[in-house]
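Enquirer: I have a structure here, written as structure tokens, and I will follow up with some questions on it.
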Amino acid sequence: TIRVDVERLDTLMNMMGELVLGRNSMVQTVNNLLTEHENENKYEKLAQSTNSINFITTELQMAVMKMRMQPVGKVFKKFPRLVRDLSRDSKKEIALQITGETTELDKSVIEEIGDPLVHIIRNSCDHGIESPEDRVAKGKSAQGTVKLSAVQEGSNIVIKIEDDGKGLDVDAIRAKAVERKLVSEEDAQNMSNNDVFKFIFEAGFSTAKKITDVSGRGVGMDVVRTNIEKLNGFIELDSELGKGTTISIKLPLTLAIIQGLLVESNDEVFILPLSSVHETVKTEQAEIYYANKKPVLSLREDVIPIVNLNHLLKASTETFTLAQKPYIVIVGLAEKKIGIMIDKFLGQEEVVIKSLGQYLGTTEGVAGATILGDGRIRLIVDLIGLFNIAKRIC
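Going by our numbering, the sequence shown opens with residue 61, and the numbers climb by one from there.
This is the structure in structure tokens:
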């Protein structure tokens with residue numbers, strides 16, 4: 061192997077991004093030309109050359125991205141010692157099982173996931189795993205187990221932290237949420253367990269009766285969620301009292317280039333990350349009704365809130381009726397789904413994510429911008445931000 065300076069890889073990736081933008085522009089121009097002269101053969105060689113450049117650019121892009129990929133084992137390797145130290149300090153018997161350490165991620169993501177994983181594993185060892193005496197009394201082995209795994213799923217990687225500890229007391233979480241006025245008692249009783257578990261990610265939330273040097277202060281899980289969302293990922297939690305807890309983190313393999321679905325709404329073009337698009341529905345064929353004066357879509361066993369993309373991103377205040385929006389795009393994060401009303405589909409395109417810059421700063425619901433093949437700048441939708449906005453409105 062040959063060691064390559066990280067700055068050179070970053071420069072190469074930036075140049076690759078510019079090449080992809082140039083490729084997209086060329087493909088758009090040539091396609092327009094071929095459409096204008098569809099009955100002529102004089103541009104056949106140009107079309108062939110364009111297809112060849114398109115193919116080579118894609119291959120080159122994959123090669124450059126692969127150069128930046130690093131195994132998650134680079135982060136995982138520090139956890140055996142962490143668990144040993146926590147076991148000794150807490151006088152517990154804890155075994156750490158690691159799988160999938162050869163799974164690869166972009167180096168920019170690798171650099172950011174270490175701290176969130178440290179906090180989650182600390183929580184598993186401190187709050188999750190019981191003392192040997194308690195475990196034996198419950199019919200478990202004296203030694204508890206924490207499993208750390210990574211697996212690639214399409215253009216994403218899923219990291220799971222599982223423990224076979226005491227699990228979460230959903231009733232205690234529900235009561236704490238009511239006590240902190242995060243939800244009314246009536247609404248809390250009607251919430252599913254999965255919805256109740258989401259309170260764990262609220263700032264300052266903790267049901268721990270004992271504060272330790274490791275955890276229990278209610279500081280951390282909200283920061284973990286924020287850091288994961290900054291990486292365009294999301295985190296979810298599942299638990300069963302007496303059985304254990306599983307935390308799943310889903311992250312994109314790379315933050316630089318994504319497959320996007322181009323949609324138009326109110327004469328504005330937006331880009332949705334294709335990996336989060338579940339399906340599309342024609343409005344005229346959809347089963348739509350109103351709940352609390354808000355439109356919702358009944359799709360199989362799901363009830364999905366419907367939103368106007370322009371309104372959420374404050375790109376337009378124009379009023380509309382459902383009949384004016386012929387399509388609904390169903391997008392989802394974990395179990396959460398919303399329906400986005402649009403006017404038309406404009407196709408798919410590989411897009412390079414560019415920062416909005418210091419003047420525009422961070423805009424909720426917007427991941428960045430890109431330059432399309434026609435030379436125009438379009439916004440890339442941040443679905444996590446969009447869900448947060450929709451949650452406040454719907």
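Where is the CB? At the ideal position from N, CA and C, for every residue including glycine. Note that the structure is predicted; figures quoted are calculated from it, not measured.
Once you ignore the five residues that flank P333 on each side, which residues in its own chain have a CB closer than 6 Å to its CB?
Expert: As a working mapping, residue 333 is identified with position 273 in the sequence shown. These residues qualify, in order along the chain: I318.
Enquirer: Applying the 10 Å Cβ sphere with the 16-neighbour rule, what's the burial state of Y387?
Expert: Within the sequence shown, numbered from 1, the residue matching residue 387 stands at position 327. The residue in question, Y387, is buried, as its Cβ has 16 or more Cβ neighbours within 10 Å.
Enquirer: Please work out which residues of its chain come closer than 6 Å, Cβ to Cβ, to T159, disregarding the five sequence neighbours upstream and downstream, and give them in chain order.
Expert: As a first step, residue 159 is located in the sequence shown; it is residue number 99 there, counting from the start. Once the five neighbours on either side are set aside, the close Cβ partners of T159 are S209.
Enquirer: Ends of the beta strand (DSSP E) at H187?
Expert: Start at 1 with the first residue of the sequence shown, and residue 187 comes out as number 127. Unbroken run through H187: none, as it is neither H nor E.
Enquirer: At what residues does the alpha helix (DSSP H) containing P140 begin and finish?
Expert: Along the sequence shown, read from residue 1 onward, the residue named residue 140 stands at position 80. Looking at the DSSP string, the run of the alpha helix (DSSP H) that includes P140 is F139 to S150.
Enquirer: In whole angstroms, what separates the C-alpha of I189 from that of I173?
Expert: In the sequence shown, counting from the first residue as 1, residue 189 sits at position 129. In the sequence shown, counting from the first residue as 1, residue 173 sits at position 113. C-alpha separation (whole angstroms): 23 Å.
Enquirer: Just verifying my parser: in three-state terms, what is the DSSP assignment at V80?
Expert: The residue given as residue 80 occupies position 20 in the sequence shown. DSSP places V80 in helix when its eight states are reduced to three.
Enquirer: Could you check whether the Cβ of L393 sits closer than 8 Å to any heavy atom belonging to the ligand COA?
Expert: Of the ligands one can find in the structure shown there are none, so the ligand COA has no counterpart to examine.
Enquirer: In the DSSP assignment, the alpha helix (DSSP H) including V256 goes from what residue to what residue?
Expert: As a first step, residue 256 is located in the sequence shown; it is residue number 196 there, counting from the start. Run containing V256: N253 to F257, per the alpha helix (DSSP H) assignment.
Enquirer: What are the uninterrupted segments assigned as beta strand (DSSP E) that are 3 or more residues long and contained completely in the segment 203-250, given in chain order?
Expert: As far as the segment 203-250 is concerned, its whole beta strand (DSSP E) runs of at least 3 residues are 204-213 and 216-223.
Enquirer: Pull up the distance between the alpha-carbon of M401 and that of N326, whole angstroms please.
Expert: In the sequence shown, counting from the first residue as 1, residue 401 sits at position 341. In the sequence shown, counting from the first residue as 1, residue 326 sits at position 266. If I take the Cα positions, the gap works out to 10 Å.
Enquirer: Three or more C-beta pairs closer than 8 Å, one from the segment 81-95 and one from the segment 128-140: is that the case here?
Expert: Verdict: no, contact absent.
Enquirer: Beta-carbon within less than 8 Å of V66's beta-carbon, same chain only, minus the 5 sequence neighbours each way: which residues are those?
Expert: To locate residue 66, count along the sequence shown from 1; it is residue 6. These residues qualify, in order along the chain: K167.
Enquirer: In its own chain, which residues sit with a C-beta less than 7 Å from the C-beta of K385, not counting the 5 before and 5 after it?
Expert: As a first step, residue 385 is located in the sequence shown; it is residue number 325 there, counting from the start. Here the set comprises T343, M401, I402 and D403.
Enquirer: From the DSSP output, in three-state form, read off L301 for me.
Expert: Translated into positions along the sequence shown, residue 301 becomes position 241. Correct three-state label for L301: coil.
Enquirer: Compare the Cα-Cα distances from P312 to each of G293, F330 and I449 and report the closest residue.
Expert: Residue numbering aside, residue 312 sits at position 252 when the sequence shown is read from its first letter. When only C-alpha atoms are compared, the closest one is G293.
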